[in-house]
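Student: Residue numbering for the sequence shown follows numbering that gives the first Met the number 0, starting at 0 and increasing by one per position.
Glycine is no exception: its CB is placed at the ideal position from the N, C-alpha and C atoms.
My structure is below; once you've seen it, I'll send some questions.
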Amino acid sequence: MGCTESEWLSWLPGAVGSHALVIEGPQATVGHFLRLSWQVMPPRTIALLSIARLAVRFEFTGLTPIERQAFMKQFDLFMQRGGG
């Protein structure tokens, strides 16, 4: 993810919608079906541009592929910033 940890944490509640969210350090659970973990990475630097990076791991359990895809569609749309 091209964001800081504080940005990620501020966006995460909106990205998971109405699902329960429990954050514990660099990990979170979403409902009973998703475990997230993240790690701050060195920024990506291109010339004078520096982009924050966060490595995020998604671990789904108990969802069908269609349910997982529906969740990720909403999650990705919420997390999109700028660009096009």
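What three-state label does DSSP hand P32 in the structure shown?
Tutor: Within the sequence shown, residue 32 is the residue found at index 33, counting from 1. It is Phe, not Pro, that sits at residue 32 in the sequence shown. Coil.
Student: F74: which of A54, S17, E4 sits nearest, CA to CA?
Tutor: As a working note, residue 74 is residue 75 in the sequence shown. Here the closest residue by C-alpha is S17.
Student: Can you tell me where the alpha helix (DSSP H) with L19 in it begins and where it stops?
Tutor: Position 20 of the sequence shown holds residue 19. It is Ala, not Leu, that sits at residue 19 in the sequence shown. From DSSP, A19 is part of no alpha helix (DSSP H); its letter is neither H nor E.
Student: Going by alpha carbons, who is nearest to E23 out of L8, L62, I50, F32?
Tutor: If you number the sequence shown from 1, residue 23 lands on position 24. With distances taken between Cα atoms, E23 lies closest to L8.
Student: Cα-Cα, which of T28, E58, T60, Q38 is closest to S5?
Tutor: Taking the sequence shown and counting its residues from 1, one reaches residue 5 at position 6. Of T28, E58, T60, Q38, the residue nearest in Cα terms is Q38.
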